[in-house]
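Asks: Residue numbers (this note's numbering), protein chains in the order written: chain A, 29 to 363; chain B, 29 to 363.
Note that beta-carbon positions come from the ideal geometry of N, C-alpha and C, so glycine has one too.
As the structure is a computational prediction, the values presented were derived from the model and not from experiment.
There are 2 protein chains.
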Amino acid sequence: MRIDDRFFMESALREAWRYQGLTYPNPAVGCAVVKAGRLLAVEAHQKAGESHAELRAMLRAYEALEGRETAVDPADAWAVHDFLETIDPECFRGVTLYVTLEPCSHRGRTPSCARILSRFPLHRVVIACADPIAEHGGGADLLATAGIGVDFGCCREEAEALLEPFVIWQRRAFVLFKLAQTANGRIGGGYLSGPESLEHVHRLRAVADEMVIGGGTVRADRPRLDCRFTGNPAPDLTLYSRRDDFDRRIPLFSVPHRRVEIRDDLQPLLERPSFLLVEGGEGMLRALEDRIDWMLLYQTPKLSTHPLSYNVDQKLEYLHTGSLGADLLIWSRFG
Amino acid sequence: MRIDDRFFMESALREAWRYQGLTYPNPAVGCAVVKAGRLLAVEAHQKAGESHAELRAMLRAYEALEGRETAVDPADAWAVHDFLETIDPECFRGVTLYVTLEPCSHRGRTPSCARILSRFPLHRVVIACADPIAEHGGGADLLATAGIGVDFGCCREEAEALLEPFVIWQRRAFVLFKLAQTANGRIGGGYLSGPESLEHVHRLRAVADEMVIGGGTVRADRPRLDCRFTGNPAPDLTLYSRRDDFDRRIPLFSVPHRRVEIRDDLQPLLERPSFLLVEGGEGMLRALEDRIDWMLLYQTPKLSTHPLSYNVDQKLEYLHTGSLGADLLIWSRFG
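Shown next, in the form of structure tokens:
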């Protein structure tokens with residue numbers, strides 16, 4: 029294994045994938061900080077409104093250099109920003125930053141990363157891909173003007189895959205089809221996933237604009253489709269069905285503060301810039317076959333004789349695989 | 029993400045998994061070298077008869093410190109050993125080594141790792157798990173006697189999983205069931221895997237003592253079951269079948285220099301300390317259900333409507349997942 033720019037960028041990418049989707053409407057971003065070959069920190073943006081990856085990583089790197097934790101809350105962007113404004117810039121002399129996305133130049137809900145970074149005598153900022161939003165760009169120029177070396181393109185393809193949902197949900201719905209299955213592709217037989225996977229689904233539901241579910245699954249499974257494992261409000265819900273013959277005692281209808289709509293045409297939903305989380309089985313997969321962007325498989329560690337599977341012909345592209353408790357989490361591009 | 033002992037040991041584990049099975053009859057082992065927080069090298073044992081992980085890693089670490097490659101062949105254990113005997117021990121002062129398995133103390137086909145390591149003023153050797161073979165042990169004592177700090181147990185559970193095949197094939201057959209499937213668990217429809225996966229299978233076949241395949245698969249697929257993608261001799265073959273009614277024109281019968289046996293009782297094979305690579309479908313899975321140690325899934329990036337799947341109820345435990353070209357490689361404990 030080579031310990032080079034790719035090695036450090038891959039660490040940053042791996043950390044960022046842990047929060048894929050969960051940062052909505054922000055992009056998933058990771059950042060690694062290296063001084064004289066020493067990896068000081070690898071952090072990611074975790075949630076919109078919280079610190080960007082660069083801020084978290086610089087705070088952790090400072091703590092690693094000092095050999096002690098600070099009292100600063102790493103999630104609090106302004107607190108980290110203000111703290112980084114007070115420290116001696118010399119402590120970061122010669123440091124190289126690896127960021128999966130160009131540091132932002134604009135000050136919004138959170139401070140500008142490029143501006144705070146340009147305070148420090150960094151050696152280099154290695155950027156996997158440029159900011160795709162014109163008005164957010166300029167971060168690299170800001171760094172270069174401050175005399176910091178800027179390198180673009182290390183792991184660009186991998187970083188573009190990480191960024192793809194963000195690029196899509198700027199202009200239309202990003203459609204993520206979620207499925208829990210056994211290792212041999214069976215989707216029936218009650219809860220398949222472990223508690224960590226269930227919590228992860230509920231965290232995705234909590235940030236998504238809307239959940240879409242097939243009518244057949246609703247009739248068969250009588251689900252609740254809320255976020256009870258994370259305590260968040262349940263997302264609005266669209267049932268994809270030609271007929272409105274649902275038993276109103278199905279739990280999903282009585283979740284407080286949630287809109288439930290029944291539609292046989294998803295087109296208007298798909299055009300709106302948003303994050304749609306789609307759950308269901310073969311029927312739903314076939315109905316949205318040409319409109320699904322990514323598939324998220326929660327693959328549980330068992331083989332099953334349950335007859336329920338799904339029959340679809342589709343190419344996938346595996347983008348990232350992680351572990352969630354005993355389960356595998358497999359992110360793939362669909363079609 | 030914390031940059032601590034676990035971080036470095038996990039790098040070593042990840043590198044070692046790339047050679048799981050391929051090091052037979054040796055164990056898969058990884059090693060990382062760190063100086064003042066700087067990760068200098070992460071290497072693994074790749075093939076029996078070649079350099080152990082520690083030797084490869086020390087050579088690469090030296091090259092990283094010197095900033096230049098040497099002319100030494102990293103695979104050649106004696107060449108690396110002799111080279112490490114000549115360099116100034118001071119270059120490794122303060123270095124910490126992370127090894128997934130206790131460095132060997134005995135001199136066999138390859139030199140003793142513990143002995144060469146004890147030449148250097150290392151700060152610490154962090155060992156995930158002790159050598160399970162009594163006459164190979166003592167490496168840690170040798171290091172400690174040389175004044176090097178030795179820490180046991182970091183990532184022990186993960187390292188024991190990595191080591192499990194080695195422990196099993198010391199006393200009986202290690203049974204690895206290999207299956208290529210789509211992401212929805214379909215196993216029919218011709219070659220499913222990409223070229224990297226096919227090459228990996230052939231590298232496993234080349235080191236295994238014996239391949240076992242179900243008679244039904246032989247009749248249906250008429251395979252060759254050789255190692256043509258790697259140019260190695262084909263492994264000996266056992267066809268598991270009650271009847272010997274095979275068409276002798278099936279290619280596997282005419283592979284030169286290979287023994288083909290037809291058996292309806294695999295017990296004698298299973299008792300012999302060895303590495304058995306089992307291929308087949310549901311019939312073979314059911315026949316060996318209680319005797320399979322690990323399952324290796326080559327999961328190809330597609331969903332398929334092909335009707336051929338496999339119906340078995342079994343618990344798995346995912347041990348490691350990697351990428352092979354476009355495919356996923358999923359190692360799991362079976363049952």
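Using a Cβ cut-off of 8 Å, which residues of the region 328-351 of chain B contact any Cβ in chain A, in chain order?
Replies: P329, K330, L331, S332, T333, S337, Y338, N339, V340, D341, Q342, K343, L344, E345, Y346, T349, S351
Asks: What is the residue span of the alpha helix (DSSP H) that G167 of chain B lies within?
Replies: 167-173
Asks: Can you tell me the Cβ-Cβ gap for G243 of chain B and L267 of chain B, rounded? I've got them flagged as a contact below 8 Å.
Replies: 5 Å
Asks: Using only the alpha-carbon positions, how far apart do E185 of chain A and M37 of chain A sit?
Replies: 12 Å
Asks: Is the region 147-161 of chain B touching the region 173-192 of chain B, taking contact as three or more C-beta pairs under 8 Å?
Replies: yes
Asks: What did DSSP end up calling H348 of chain A once you bin it into helix, strand or coil?
Replies: Residue state, collapsed to three classes: strand.
Asks: What residues are listed by DSSP as bridge partners for W322 of chain B?
Replies: B:L204, B:R361
Asks: To the nearest angstrom, how far is the alpha carbon of I115 of chain B from that of I176 of chain B?
Replies: 19 Å
Asks: What residues from chain A crowd round S221 of chain B, counting only those whose CB sits closer than 8 Å?
Replies: Simply none; closest approach about 13 Å.
Asks: Can you look up L220 of chain A in the DSSP assignment and give me helix, strand or coil?
Replies: coil
Asks: Is there at least one Cβ from chain A nearer than 9 Å to E94 of chain B's Cβ?
Replies: no
Asks: Could you tell me whether the Cβ atoms of L204 of chain A and M312 of chain A are closer together than 9 Å?
Replies: No.
Asks: Per the DSSP calculation, V70 of chain B is bridged to which residue(s)?
Replies: B:A60
Asks: What three-state label does DSSP hand A76 of chain A in the structure shown?
Replies: coil
Asks: Take the Cβ of W106 of chain A as the centre, count every other Cβ of all protein chains shown within 10 Å, and call the residue buried at 16 or more, exposed below.
Replies: exposed
Asks: Excluding sequence positions up to five away, which residues of its chain have a Cβ less than 6 Å from the Cβ of C141 of chain A?
Replies: H80, E82, P131, C132
Asks: So if I threshold CB-CB distances at 9 Å, which residues from the region 63-79 of chain B count as touching chain A?
Replies: K63, A64, G65, R66, L67, L68, A69, V70, E71, A72
Asks: Looking at the unbroken alpha helix (DSSP H) that takes in A156 of chain B, where does it start and where does it end?
Replies: A156 of chain B -> not in any alpha helix (DSSP H); beta strand (DSSP E) instead, spanning 152-157.
Asks: How would you list, in chain order, the residues of chain A whose beta-carbon sits under 7 Å from the beta-carbon of S360 of chain B?
Replies: P329
Asks: I'd like to know if the region 325-340 of chain A and the region 212-224 of chain A are in contact, where contact means that at least 3 CB-CB pairs between them fall below 8 Å.
Replies: At 8 Å Cβ cutoff, the stretches touch.
Asks: Taking C-beta pairs closer than 8 Å, name the residues in chain B that A354 of chain A reaches, listed in chain order.
Replies: E345, Y346
Asks: So, using beta-carbon positions, are L356 of chain A and L325 of chain A closer together than 9 Å?
Replies: In this structure, L325 of chain A lies closer than 9 Å to L356 of chain A by Cβ.
Asks: For V70 of chain B and S360 of chain B, what's the separation of their Cα atoms in angstroms?
Replies: 24 Å
Asks: What do you reckon, are the CB atoms on A208 of chain B and T98 of chain B nearer than 9 Å?
Replies: no
Asks: Which of helix, strand or coil does DSSP assign to D179 of chain A?
Replies: strand
Asks: Return the CA-CA distance between D293 of chain B and I320 of chain B, expressed in angstroms with no decimal places.
Replies: 15 Å
Asks: Is the Cβ of M29 of chain B closer than 9 Å to any Cβ of chain A?
Replies: yes
Asks: Residues in the region 43-55 of chain A with C-beta within 7 Å of chain B's C-beta atoms, listed in sequence order?
Replies: E43
Asks: How about P433 of chain A and L232 of chain A: do their beta carbons lie closer than 9 Å?
Replies: Lying before the first or after the last residue shown, residue 433 of chain A is absent from chain A, which here runs from 29 to 363.
Asks: Can you tell me whether Q108 of chain B is buried or exposed, with buried defined as 16 or more other CB within 10 angstroms of its CB?
Replies: A small correction: the amino acid at residue 108 of chain B is Val; Gln does not occupy that position in the sequence shown. It is buried - the Cβ of V108 of chain B has at least 16 other Cβ atoms within 10 Å.
Asks: Can you tell me which of the three DSSP states R288 of chain B falls into?
Replies: Looking at the sequence shown, residue 288 of chain B is not Arg but Val. Strand, per DSSP.
Asks: Express the C-alpha separation of S221 of chain A and G309 of chain A in angstroms, rounding to a whole number.
Replies: 16 Å
Asks: For V57 of chain B, I'd like the list of residues in its chain whose CB is within less than 6 Å of its CB, leaving aside the five on either flank, ordered along the chain.
Replies: A44, H73, A81, T128, L129
Asks: Does the CB of A236 of chain B have a neighbour CB from chain A at under 9 Å?
Replies: no
Asks: Is the distance from the Cβ of P149 of chain A to the Cβ of F180 of chain A below 9 Å?
Replies: The Cβ atoms of P149 of chain A and F180 of chain A do not sit closer than 9 Å to each other.
Asks: By the criterion of Cβ-Cβ separation under 7 Å, what are the contact partners of A315 of chain B in chain A?
Replies: The contacting residues do not exist; A315 of chain B stays about 15 Å from chain A at best.
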